[in-house]
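S.K.: Protein chains in written order, with this note's numbering: chain A, 1 to 346; chain B, 1001 to 1346. Ideal Cβ positions, reconstructed from N, Cα and C, are used throughout, including at glycine.
Protein chains: 2
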Amino acid sequence: MDTPKPECESAISMLEERKASILRAVVQEYITTAQPVGSSAIANAPGIEVSPATVRNEMVQLERQGYLHQPHTSAGRVPTEKGYRFFVNALGPGRELGAMQSDQVRAFFDHSHGELERLLHETAGLLSNLTSYAALVVGPGTRSAVVRSIQLVRVASRTALAVAILSNGAIEKGTIELDELTTDADVDLASAALARAFIGMPLDSRLAAGEGLDESVARLVDTAAAVFNPVVDGDSDHVFVGGTARMAGAFDAVETVREVLSILEQQLVVVSLMRDVLDRGLTVAIGSETGVQPLAECALIVAPYEVDGDKVGTIGVLGPSRMNYPQALSAVAVVSQQLGDRLSEG
Amino acid sequence: MDTPKPECESAISMLEERKASILRAVVQEYITTAQPVGSSAIANAPGIEVSPATVRNEMVQLERQGYLHQPHTSAGRVPTEKGYRFFVNALGPGRELGAMQSDQVRAFFDHSHGELERLLHETAGLLSNLTSYAALVVGPGTRSAVVRSIQLVRVASRTALAVAILSNGAIEKGTIELDELTTDADVDLASAALARAFIGMPLDSRLAAGEGLDESVARLVDTAAAVFNPVVDGDSDHVFVGGTARMAGAFDAVETVREVLSILEQQLVVVSLMRDVLDRGLTVAIGSETGVQPLAECALIVAPYEVDGDKVGTIGVLGPSRMNYPQALSAVAVVSQQLGDRLSEG
DNA sequence: GTTGGCACTCGAGAGCATCGAGTGCCAATC
DNA sequence: GATTGGCACTCGATGCTCTCGAGTGCCAAC
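#1: May I ask you to report which of helix, strand or coil DSSP gives ASP2 (chain A)?
#2: Under 7 Å between the Cβ atoms of LEU120 (chain A) and GLY139 (chain A)?
#3: Counting only C-beta atoms, is GLY1139 (chain B) closer than 7 Å to chain A at any point?
#4: Would the segment 1306-1314 of chain B and the segment 1110-1118 of chain B be scored as touching if the rule is three or more Cβ pairs under 8 Å?
#5: For the segment 1033-1109 of chain B, list the alpha helix (DSSP H) runs that are entirely contained and at least 4 residues long, ordered along the chain.
#6: Run the CB neighbour count on LEU1268 (chain B), radius 10 Å, all protein chains shown included, and call it buried at 16 or more, exposed below.
#7: In angstroms, rounded to a whole number, what distance separates the CA positions of ARG258 (chain A) and VAL241 (chain A)?
#8: Thinking C-beta only, is ALA1162 (chain B) closer than 7 Å to VAL1232 (chain B)?
#9: Which same chain residues end up closer than 7 Å to ALA224 (chain A) when comparing Cβ atoms and leaving out the 5 residues on each side of it in sequence?
#10: So, for GLY287 (chain A): in the same chain, excluding its five sequence neighbours on each side, which residues have a beta-carbon less than 6 Å away from its beta-carbon?
#11: With H, G and I counted as helix, E and B as strand and the rest as coil, what does DSSP make of ASP1310 (chain B)?
#12: Going by C-alpha to C-alpha distance, which of A:ASN57, A:ARG56, A:GLU29 sits closest to PRO46 (chain A)?
#13: Which one or two residues does DSSP pair with ALA1134 (chain B) in a beta bridge?
#14: Any idea what DSSP makes of GLN1151 (chain B), helix, strand or coil?
#15: Given SER1149 (chain B), which residues of its chain have a CB within under 6 Å of its CB, disregarding the five upstream and five downstream residues?
#16: Along the segment 144-155 of chain A, where does the CB come closer than 8 Å to a CB of chain B? Name the residues.
#17: Taking buried to mean at least 16 other C-beta atoms within 10 Å of its own C-beta, is ARG1246 (chain B) buried or exposed?
#18: For the beta strand (DSSP E) holding PHE240 (chain A), just list the boundary residues, first then last.
#19: By Cβ distance, which residues of its chain are closer than 7 Å to THR958 (chain B), with the 5 residues on each side in sequence left out?
#20: Quick check on the burial criterion: 16 or more other C-beta atoms within 10 angstroms. Buried or exposed for ASN1229 (chain B)?
#21: Can you give me the start and stop residues for the beta strand (DSSP E) that LEU1161 (chain B) sits inside?
#22: Whole angstroms is fine: what's the gap from SER1336 (chain B)'s alpha carbon to ALA1303 (chain B)'s?
#23: Determine whether the Cβ of ALA245 (chain A) lies closer than 7 Å to any Cβ atom of chain B.
#24: Looking at C-alpha atoms only, which residue of B:LEU1318, B:LEU1282, B:VAL1254 is the closest neighbour of GLU1306 (chain B)?
#25: Can you pull the chain A neighbours of HIS1113 (chain B), defined as C-beta to C-beta under 8 Å?
#26: State the beta-bridge partners of VAL284 (chain A) as determined by DSSP.
#27: From the DSSP secondary-structure annotation, give me the bridge partner or partners of ILE1031 (chain B).
#28: Who does ALA124 (chain A) pair with in a DSSP beta bridge?
#29: Which chain A residues sit within Cβ distance under 7 Å of SER1167 (chain B)?
#30: With a threshold of 7 Å between beta carbons, is VAL254 (chain A) in contact with chain B?
#31: At a CB-CB cut-off below 9 Å, which residues of chain A make contact with LEU1161 (chain B)?
#32: By how many angstroms is the C-alpha of ALA185 (chain A) removed from the C-alpha of ASP1308 (chain B)?
#33: Could you tell me which uninterrupted alpha helix (DSSP H) segments, each at least 4 residues in length, are contained entirely in the segment 169-246 of chain A, listed from first to last along the chain?
#34: Measure the alpha-carbon distance for ALA1053 (chain B) versus SER1039 (chain B) and round it to whole angstroms.
#35: I need the straight-line Cα distance from GLU347 (chain A) to ALA135 (chain A), nearest angstrom please.
#36: Using beta carbons (cut-off 7 Å, strictly below), is GLY38 (chain A) in contact with chain B?
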């Protein structure tokens, strides 16, 4: 009884070291080949010093425990969701990004000019380039930003535009309808009142901006302030999607592609997928873990980015569940870090 | 010699009436079934009163003339690009939109609130819904719009945002970098100078806005005005794409889907595809007519929309070359009309 | 506990016959 | 002379069988 054995399997994922190595190797192999993995392929893998027979024995166990799956009796093994999950959990914090790619990221943020929306859009492109999957970028929330400029501008006889410029570079806007009687002077008064009330304050401050004004102007001010409610509530966080074409290439059933595209078109779903990561840090959701049925064959990696110490937004990549996790994870990590830095500077 | 015969085939597309009917029927059938069409299917079609044998004889001719193609000897016929082209040219100006769909469009524009970008985005969604293909919407150009508000706002110690609000509801913006020495007062001066120079003018007016100011402020004004150059040149026309998922469902090779998505991700390409339609009116480009190789299996329908009598933007749908042309054409026509009306009102 | 050996499984792929949609052509018909 | 029914022909799709081989599970030997 002097052989070391685990005295208590505290977690299901507590696998003996060799089983873990084999599982890792299977996942690794499947990620690169997209083909069911046989025992001999694993036995030949570096770091595994046992015969195919031994590997087979372990594989039977791994299958019983739900980490692997056999498409049919005489085929190799494919990782299950649980298998991927183990693989990801066991992943050390590696620097998997090649020097070339790190340079690419650095060069991108060094040379990036232009305005916030454009930057976020291009960031999505960058992230997609790095990973070959679809990239998602959710803009910084308005919570920690302060209003730098706010105004109400008449653009047509019955329409005015409320526009706020925030300290984080975001521009929030909404239209309101005017009745015919509203004079240009009223609009100007309301605009000035908004400026007095909001400039220097966060957009979500609830203020009595209309105080001491004509009732009609006060109503105008309230209406204008109200157009920013959805922004404040985060219901309209803009999300930028890039690299859908690359993602399409990663699946082989057009139906799957269609379903995933359909999800990506629903901003609300995407935003809610990404939102709850804000206070969790770098996160991976595999298949059903996303909570969205059509993403059953996908994995989603999300990380928040910090501006001046606050987690204000998130970026992520969406790919097939057999994605290159190490690479994707570090791409997301690096880009979120650098994006945060870029937005913090100045 | 008293049988009527065409004395002179002025155009290649000059087909005897029966051949034309048959060709139309083939295209129609292929559009709905996506299967090669046989002679008997056509003989049974309404409006064709001849036997399959006759149809076959005509089909041989149509194939020789390049309107049809036979995938293999014992299969039905498939329209060529030229075949589709004939079909489209022969299409009368029909009202193909069901009452339900017309209502949908009307309801949409009646209830549409909100700001320009959002409206255009949702218009893309609407158009995609109506047609089941991908929809493209290019926002109104700035040429005929007038500046209602323009300002320069400092958002960070070394960054300022130039924002212009135009009479058509568009908001144009760009960042400029400041050097450390620039004071807030300088920024305010520049902002005021911009306002004096531009408000009430089109954004592309070339003005000496910096006249009579400190050189540093004048330089600031010039830099700020310059950020709108790409906008004025039309290089940054924003394009809204909707319904990519639906479009994906219309192709059966994932590779095709990938290629088309890849095109749609390149705003520049999309905008240039749509731009040259501005002064042409409702237009159909089939396959190679688009001038973009990856769209060989696609067709693109584009129409401009008019605001106050000026053609300022374009909308369109992109689908497979075997798209439902009558329906798509009238959807594009109706939506472009109504979008123009909606943007003209007020 | 590990391993080589071995019988077994089962999908992939090749070869082959069948089926039938659709053709081209020709002679008969209107 | 245009149209048509008839008919032989073509060729992909479908289904069957056979083979091949990758990969398995199990067992006996180490």
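M.R.: Here's the rundown:
#1: Position 2 of the first sequence holds residue 2 (chain A). Below a pLDDT of 50, predicted positions are generally treated as unreliable, and ASP2 (chain A), at 37, falls in that range; the measurement from the model is reported next regardless. ASP2 (chain A) falls in the coil class under three-state DSSP.
#2: Looking up residue 120 (chain A) in the first sequence gives position 120. Looking up residue 139 (chain A) in the first sequence gives position 139. Annotated as proximal: LEU120 (chain A) and GLY139 (chain A), with beta-carbon spacing under 7 Å.
#3: For this step, residue 1139 (chain B) is matched to residue 139 along the second sequence. No, GLY1139 (chain B) does not count as interfacial toward chain A.
#4: no
#5: 1039-1043, 1052-1064, 1081-1089
#6: One-based indexing of the second sequence puts residue 1268 (chain B) at position 268. Per the 10 Å Cβ criterion, exposed.
#7: Position 258 of the first sequence, counted from the start, is the residue given in the question as residue 258 (chain A). Position 241 of the first sequence, counted from the start, is the residue given in the question as residue 241 (chain A). Their backbone Cα atoms lie some 15 Å apart in a straight line.
#8: What you label residue 1232 (chain B) is simply residue 232 of the second sequence in a count that begins at 1. What you label residue 1162 (chain B) is simply residue 162 of the second sequence in a count that begins at 1. Not closer than 7 Å, so no.
#9: Position 224 of the first sequence, counting from 1, holds the residue named residue 224 (chain A). By the criterion of a C-beta distance shorter than 7 Å, ALA224 (chain A) is surrounded in its chain by LEU152, ALA162, ILE176, ALA190, LEU194, once the five residues flanking it on both sides are discounted.
#10: Position 287 of the first sequence holds residue 287 (chain A). Counting only Cβ-Cβ distances below 6 Å, and skipping sequence neighbours, we find GLU81, ALA296, SER321.
#11: Locating residue 1310 (chain B) in the second sequence gives position 310, counting from the first residue. Correct three-state label for ASP1310 (chain B): strand.
#12: The sequence position of residue 46 (chain A) within the first sequence is 46, counting from 1. The shortest Cα separation from PRO46 (chain A) among A:ASN57, A:ARG56, A:GLU29 belongs to A:GLU29.
#13: Residue mapping note: residue 1134 (chain B) aligns to position 134 of the second sequence, counting from 1. B:LEU1318.
#14: Here residue 1151 (chain B) refers to the residue found at position 151 of the second sequence. Strand, per DSSP.
#15: On the second sequence, position 149 is the one that residue 1149 (chain B) refers to. ILE1165, listed in sequence order.
#16: The residues in question are ARG148, SER149, GLN151, VAL153, ARG154, VAL155.
#17: Sequence index remark: in the second sequence, residue 1246 (chain B) carries index 246 (1-based). Buried: at least 16 other Cβ atoms inside 10 Å.
#18: Looking up residue 240 (chain A) in the first sequence gives position 240. Taken as a continuous stretch (DSSP letters only), the beta strand (DSSP E) holding PHE240 (chain A) covers 239-242.
#19: Outside the displayed span of chain B (1001 to 1346) sits residue 958 (chain B), for which this structure offers no information.
#20: On the second sequence, residue 1229 (chain B) is found 229 positions in, with the first residue counted as 1. ASN1229 (chain B) comes out exposed.
#21: Residue 1161 (chain B) sits at position 161 when you count from the first residue of the second sequence. Looking at the DSSP string, the run of the beta strand (DSSP E) that includes LEU1161 (chain B) is 1159-1166.
#22: If you number the second sequence from 1, residue 1336 (chain B) lands on position 336. If you number the second sequence from 1, residue 1303 (chain B) lands on position 303. Distance between the alpha carbons of SER1336 (chain B) and ALA1303 (chain B): 7 Å.
#23: For this step, residue 245 (chain A) is matched to residue 245 along the first sequence. For ALA245 (chain A), the answer is yes, since a Cβ of chain B falls inside 7 Å of its Cβ.
#24: Along the second sequence, read from residue 1 onward, the residue named residue 1306 (chain B) stands at position 306. For GLU1306 (chain B), the nearest C-alpha among the options comes from B:LEU1282.
#25: The sequence position of residue 1113 (chain B) within the second sequence is 113, counting from 1. Taking a Cβ-Cβ cut-off of 8 Å, the neighbours of HIS1113 (chain B) in chain A comprise THR175, GLU177, given in sequence order.
#26: On the first sequence, residue 284 (chain A) is found 284 positions in, with the first residue counted as 1. VAL284 (chain A) pairs with A:ILE301.
#27: The residue labelled residue 1031 (chain B) in the question sits at position 31 within the second sequence. DSSP output for ILE1031 (chain B) lists no bridge partner at all.
#28: Residue 124 (chain A) sits at position 124 when you count from the first residue of the first sequence. Answer is none; ALA124 (chain A) lacks a bridge partner.
#29: As a first step, residue 1167 (chain B) must be located in the second sequence, where it is residue number 167. Within 7 Å Cβ-Cβ: VAL155.
#30: Here residue 254 (chain A) corresponds to residue number 254 of the first sequence, with the count starting at 1. Output row for VAL254 (chain A): interface = yes.
#31: Looking up residue 1161 (chain B) in the second sequence gives position 161. By Cβ distance, chain A contributes GLU115, LEU116, ARG148, SER149, ILE165, GLY169, ILE171.
#32: Stepping through the second sequence from its first residue, residue 1308 (chain B) is reached at position 308. Stepping through the first sequence from its first residue, residue 185 (chain A) is reached at position 185. Whole-angstrom Cα-Cα distance: 26 Å.
#33: 184-198, 215-226, 229-232
#34: Stepping through the second sequence from its first residue, residue 1053 (chain B) is reached at position 53. Stepping through the second sequence from its first residue, residue 1039 (chain B) is reached at position 39. Cα to Cα, the separation comes out at about 7 Å.
#35: The displayed coordinates of chain A run from 1 to 346. Any statement about residue 347 (chain A) would go beyond what the structure contains.
#36: As a first step, residue 38 (chain A) must be located in the first sequence, where it is residue number 38. With 7 Å as the cut-off, GLY38 (chain A) does not count as an interface residue toward chain B.
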